[in-house]
Amino acid sequence: MAKNLLIVESPAKAKTINKYLGKDFTVLASYGHVRDLVPKEGAVDPDNHFAMDYAVIEKNEKHVDAIAKAARSADNLFLATDPDREGEAISWHIAEILRERGLLQDKPLHRVVFTEITPRAIKEAMNQPRSIAAPLVDAQQARRALDYLVGFNLSPVLWRKVQRGLSAGRVQSPALRMIVEREEEIEAFIAREYWTVEAECAHPSQGFTAKLTKLDGKKFEQFTLTNGEDAEAARKRLVAAAGGALHVTDVASKERKRRPAPPFTTSTLQQEAARKLGFTTRKTMQVAQKLYEGVAIGDEGTVGLITYMRTDSVNLSVDALGEIRDVIARDYGTRALPDKPNAYATKSKNAQEAHEAVRPTSALRVPSQVSRYLSDDERRLYELVWKRTVASQMVPATLNTVSVDLAAGSDHSFRASGTTVVDPGFLAVYEEGKDNKSADDEDEGRKLPTMKTGDRVPLERIHADQHFTQPPPRFTEAALVKALEEYGIGRPSTYASIIQTLLFRKYVEMESRSFRPTDVGRAVSKFLSGHFTQYVDYDFTAKLEDELDAVSRGEEEWVPLMERFWEPFKKLVEEKKESVDRSEATGARELGTDPKSGKPVSVRLGRYGPYVQIGTAEDEEKPTFASLRPGQSMHTIALDDALELFKLPRKLGLSNEEEVSVGIGRFGPFAKRGSTYASLKKEDDPYTIDLARAVFLIEEKEEIARNRIIKEFDGSDIQVLNGRFGPYISDGKLNGRIPKDREPASLTLEEVVKLMEETGKPMRGRFGKKTAAKKDAPAKKAAKKTADKATAEKKPAKKAAKKTAKKTAKKAPAKKAASKAPAKKAAKKGVKKAG
1 MAKNLLIVES
11 PAKAKTINKY
21 LGKDFTVLAS
31 YGHVRDLVPK
41 EGAVDPDNHF
51 AMDYAVIEKN
61 EKHVDAIAKA
71 ARSADNLFLA
81 TDPDREGEAI
91 SWHIAEILRE
101 RGLLQDKPLH
111 RVVFTEITPR
121 AIKEAMNQPR
131 SIAAPLVDAQ
141 QARRALDYLV
151 GFNLSPVLWR
161 KVQRGLSAGR
171 VQSPALRMIV
181 EREEEIEAFI
191 AREYWTVEAE
201 CAHPSQGFTA
211 KLTKLDGKKF
221 EQFTLTNGED
231 AEAARKRLVA
241 AAGGALHVTD
251 VASKERKRRP
261 APPFTTSTLQ
271 QEAARKLGFT
281 TRKTMQVAQK
291 LYEGVAIGDE
301 GTVGLITYMR
311 TDSVNLSVDA
321 LGEIRDVIAR
331 DYGTRALPDK
341 PNAYATKSKN
351 AQEAHEAVRP
361 TSALRVPSQV
371 SRYLSDDERR
381 LYELVWKRTV
391 ASQMVPATLN
401 TVSVDLAAGS
411 DHSFRASGTT
421 VVDPGFLAVY
431 EEGKDNKSAD
441 DEDEGRKLPT
451 MKTGDRVPLE
461 RIHADQHFTQ
471 PPPRFTEAAL
481 VKALEEYGIG
491 RPSTYASIIQ
501 TLLFRKYVEM
511 ESRSFRPTDV
521 GRAVSKFLSG
531 HFTQYVDYDF
541 TAKLEDELDA
551 VSRGEEEWVP
561 LMERFWEPFK
571 KLVEEKKESV
581 DRSEATGARE
591 LGTDPKSGKP
601 VSVRLGRYGP
611 YVQIGTAEDE
621 EKPTFASLRP
631 GQSMHTIALD
641 DALELFKLPR
651 KLGLSNEEEV
661 SVGIGRFGPF
671 AKRGSTYASL
681 KKEDDPYTID
691 LARAVFLIEE
701 KEEIARNRII
711 KEFDGSDIQV
721 LNGRFGPYIS
731 DGKLNGRIPK
741 DREPASLTLE
751 EVVKLMEETG
761 KPMRGRFGKK
771 TAAKKDAPAK
781 KAAKKTADKA
791 TAEKKPAKKA
801 AKKTAKKTAK
811 KAPAKKAASK
821 APAKKAAKKG
831 VKKAG
């Protein structure tokens, strides 16, 4: 065993670093977090200085045991988890576990930080070890405790007042509020009509377009013309006044500089990758992690291509700047190189993330040289980081803007503008993407013909165009990340998890790459905004983040921070448990009256989503219900659309002397004949589908079912079946594997019983969830029960099969008890970085 043990988070990083450190080191991975709070009430104890009950995460137990085993014989321990608040906490947890197991006695424990995975950086870090930074650990614990207390106390209130199974997050809730408020703005928006007027000029050397700037002696503004009649009248006045030509009254030329954007932070990398590459925030971080941890580059071996990708800093090291400037001078000439390096101000004051910007570990590795070693996604992201970094250290671009005023008579005038690039500067390498283009952006690249005051420019035509104001756009991932950063909600490392959480909980949906809140999401946001206003307030959330940052810098103690938060929060939770009316929390509303029955029609949020109801619970007859269709919202649906929903289920006619109908169930639209249900395809509308199409879908489903069974066994529930991923065995509760070298149709009962005992696992439901989430021992018990049932009912000639099955069942190896210590059982879900 090597004398030195070094711990990192990921196995990929461990493999790369092990090559650099050599035979005197053993490098192991923790596979992320090793401990987390036991996810049950009482894991954080506010009455005992917020003491926290941690347990080893079950899926990482084997990795923790491997670390402990290696630590027992090592002389020196090095903790090299990620260089951020989460990484510091992971190092602390590993140290605590080793200390509890008595493995740190008289052994040096060092904390080292790798901001890039290169031989030089690894060597430098190993020569500068330090202790675990207690303030960073305190800040992470405080964040985790806050998230736990909010989730475990607020979620049950949501269950009672909105819908079962919901949850509220301290940081996700303000982000959800942001998306919901934007949707409400869109719904409340009233479009306004306006007209623009342009002149098409036929200059002898080059035609161009000029926009109206003055009409009837007054400045022409957006809403000067608001209807077609006035616009046409104005157009005719302009044509008459121009008399076939416009006259140049002024020519202005202005030179300006455009500075390059700073190198990437986590946030700007996520935004730009979304704009230019179409990456989600999650994908950006996954690809960046791979580039950071290391890629095999020809003779160089495995090397990290970018620096650590979780950072608020725009700083570049002196060494990196020198290399970047060498590349600029070599590839773009000394004219592209400023006299001294460009400096950028870091917005964040959080010291724990104030290392370098996201940059290439070596600017000398130009994208064209390393691209053949990378996947397409890795290549595109590396190229983005490389170009942004290099461009940030180049001279500004020099642009020349020419504006020409042209008169139509004495009371009207037009203006044409064009911008040309005099010196591209950094634009030769990279230009930052933009969500919305300005008028200057539209003029860029447009060159006007040479004109001077007094010139007469022939007029081809004047046209007026109708427009309508547009509602604010829904948030894209890039726009949401930008807004979260501007408000100070969360931190760069949390943006991807915030978005994933909102999508996973089905609080929002992606529609044309933009976020649209679901009715459940709106109900949650409405409830929290109305009754827990302070805790979804943007300023409050940002202030709390600042306080956590102060803890990480050692400027504030974490327990007093927790006390200031907990007391008023607990009091408010207790109050709202009793005082809130459920219907007012969920946004239920009355739409009108059903013309057939005269009963009220209302829309509500139920256990399985939004639905329309005719009648009330107090009526003698029970109310009737109908689920909303995809794309419909309980907040916008009107009475006529609601009544349409009650046309289902529809009876289409008879087939095989059985009635065929269509309806919408919990899992979507379906067609039904007898006991057979067949889901409708995406292109099928349950309100218009005809009998022939419904019968086709039903018989297609029945044909699949008939072909699904390869072999059955008398007296046994076990079947050999065709599945999506090939043949398998199943008894309706457990699924088992078939050896690749066996012909499925030739299997005997004795063989499938044994296979079920050895490989049987609980079936998975419609959404991939285990229908029987049991441990191995109960699973084998169920298999044994199936075996006993099958063999007991066989004829005497089959006694040998019964004897074999029982013998095999008795020899099944015992597994760990299903009911492990509650802490370990509860912690098995694992942990995501809280950030």
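Counted from 1, the sequence shown has number 382 at position 382 by the UniProt record's numbering; the numbering is strictly sequential.
Backbone N, C-alpha and C fix where the C-beta goes; we use that ideal spot for every residue, glycine too.
{"Check": "Hey, how far is the Cα of GLN369 from the Cα of CYS201?", "Outcome": "49 Å"}
{"Check": "I'd like the ranges of any beta strand (DSSP E) spanning at least 3 consecutive residues and lying wholly in the region 82-161.", "Outcome": "109-111"}
{"Check": "Output yes or no for whether 8 Å exceeds the beta carbon distance between MET756 and ILE729.", "Outcome": "yes"}
{"Check": "In the DSSP assignment, what residue or residues form a beta bridge with TRP566?", "Outcome": "In the DSSP output, where bridge partners are listed per residue, TRP566 has none listed."}
{"Check": "With DSSP run on the structure shown, which of helix, strand or coil describes LYS236?", "Outcome": "helix"}
{"Check": "Using the three-state DSSP reduction, which class does ALA261 fall into: helix, strand or coil?", "Outcome": "coil"}
{"Check": "Which residues in the same chain as PHE50 place their Cβ atom closer than 7 Å to its Cβ, once the five residues preceding and following it in sequence are excluded?", "Outcome": "VAL44, ALA145, VAL559 and MET562"}
{"Check": "Take the Cβ of VAL27 as the centre, count every other Cβ of all protein chains shown within 10 Å, and call the residue buried at 16 or more, exposed below.", "Outcome": "buried"}
{"Check": "In three-state DSSP terms, what is ILE664?", "Outcome": "strand"}
{"Check": "Can you tell me where the beta strand (DSSP E) with ASP640 in it begins and where it stops?", "Outcome": "ASP640 -> not in any beta strand (DSSP E); alpha helix (DSSP H) instead, spanning 639-644."}
{"Check": "Counting beta carbon pairs with one atom in the region 214-233 and one in the region 187-203, are three or more of them shorter than 8 Å?", "Outcome": "yes"}
{"Check": "Reducing DSSP to helix, strand and coil, say where LYS803 ends up.", "Outcome": "Because LYS803 sits at a pLDDT of 40, beneath the cut-off of 50, its placement in the model cannot be relied upon, and the following sentence gives the value as read from the coordinates. Helix, per DSSP."}
{"Check": "For GLY709, count neighbouring C-beta atoms within 10 Å of its own C-beta (all shown protein chains included) and say buried if the count is 16 or more, exposed if not.", "Outcome": "Position check: residue 709 holds Ile in this sequence, whereas Gly was assumed. So ILE709 ends up on the exposed side."}
{"Check": "Helix, strand or coil, according to DSSP, for PHE470 in the structure here?", "Outcome": "Reading off the sequence, residue 470 comes out as Gln, not Phe. GLN470: coil per DSSP, three-state reduction."}
{"Check": "Measuring straight from C-alpha to C-alpha, what distance separates VAL520 and GLU221?", "Outcome": "42 Å"}
{"Check": "Which whole runs of the alpha helix (DSSP H) in the region 646-727 are 4 residues long or more, in chain order?", "Outcome": "691-708"}
{"Check": "Can you have a look at LYS506 and say buried or exposed, based on whether 16 or more other CB atoms are within 10 angstroms of its CB?", "Outcome": "exposed"}
{"Check": "With a threshold of 6 Å on Cβ separation, who are the neighbours of HIS93 within its own chain once the five nearest residues in sequence on each side are excluded?", "Outcome": "VAL34 and ARG35"}
{"Check": "Report the residue from VAL601, THR586 and GLY587 whose alpha carbon sits nearest the alpha carbon of THR593.", "Outcome": "VAL601"}
{"Check": "Reducing DSSP to helix, strand and coil, say where GLY418 ends up.", "Outcome": "strand"}
{"Check": "Just list the alpha helix (DSSP H) runs in the region 384-410, keeping only unbroken ones of 4 residues or longer that don't cross its boundaries, in chain order.", "Outcome": "none"}
{"Check": "Which of the three DSSP states, helix, strand or coil, is assigned to HIS635?", "Outcome": "coil"}
{"Check": "Please work out which residues of its chain come closer than 6 Å, Cβ to Cβ, to PHE189, disregarding the five sequence neighbours upstream and downstream, and give them in chain order.", "Outcome": "PRO471"}
{"Check": "Quickly, what does DSSP pair ARG522 with across the bridge? List them, please.", "Outcome": "Paired residues: none, contrary to the question."}
{"Check": "Near PRO135, which residues of its chain fall below 7 Å by C-beta distance, leaving aside the five closest residues on each side in sequence?", "Outcome": "VAL551, SER552, ARG553 and GLY554"}
{"Check": "Under 8 Å by Cβ, that's how I've got SER253 and ASN400 pegged, so tell me the actual separation to the nearest angstrom.", "Outcome": "6 Å"}
{"Check": "Please report the straight-line C-alpha distance between LYS19 and TYR31, rounded to a whole angstrom.", "Outcome": "19 Å"}
{"Check": "Where do the N-terminal and C-terminal ends of the alpha helix (DSSP H) with ARG72 fall, by residue?", "Outcome": "61-73"}
{"Check": "Excluding the 5 residues flanking ALA694 on each side, which residues of the same chain have their C-beta closer than 7 Å to its C-beta?", "Outcome": "LEU652, VAL660, VAL662 and ALA671"}
{"Check": "The alpha helix (DSSP H) spanning ARG607 covers which residue range?", "Outcome": "Where ARG607 is concerned, there is no enclosing alpha helix (DSSP H), given that its DSSP letter is neither H nor E."}
{"Check": "Using a 10 Å radius around the Cβ and a threshold of 16 neighbouring Cβ atoms, would you call GLU116 buried or exposed?", "Outcome": "buried"}
{"Check": "Which class does PHE625 belong to by DSSP, given the choice of helix, strand or coil?", "Outcome": "strand"}
{"Check": "Could you check the C-alpha separation between TYR373 and GLU477 for me, to the nearest Å?", "Outcome": "29 Å"}
{"Check": "Where does ASN523 land, buried or exposed, given buried means 16+ other C-beta within 10 angstroms?", "Outcome": "Asn is not the amino acid found at residue 523; the sequence shown has Ala there. Buried, since its Cβ has 16 or more Cβ neighbours within 10 Å."}
{"Check": "Rounding to the nearest angstrom, what Cα-Cα distance links LYS347 and SER512 in this structure?", "Outcome": "32 Å"}
{"Check": "Step through the CB atoms of chain B and report whether any lies within less than 8 Å of the CB of PHE220.", "Outcome": "The structure shown contains no chain B, having only a single protein chain."}
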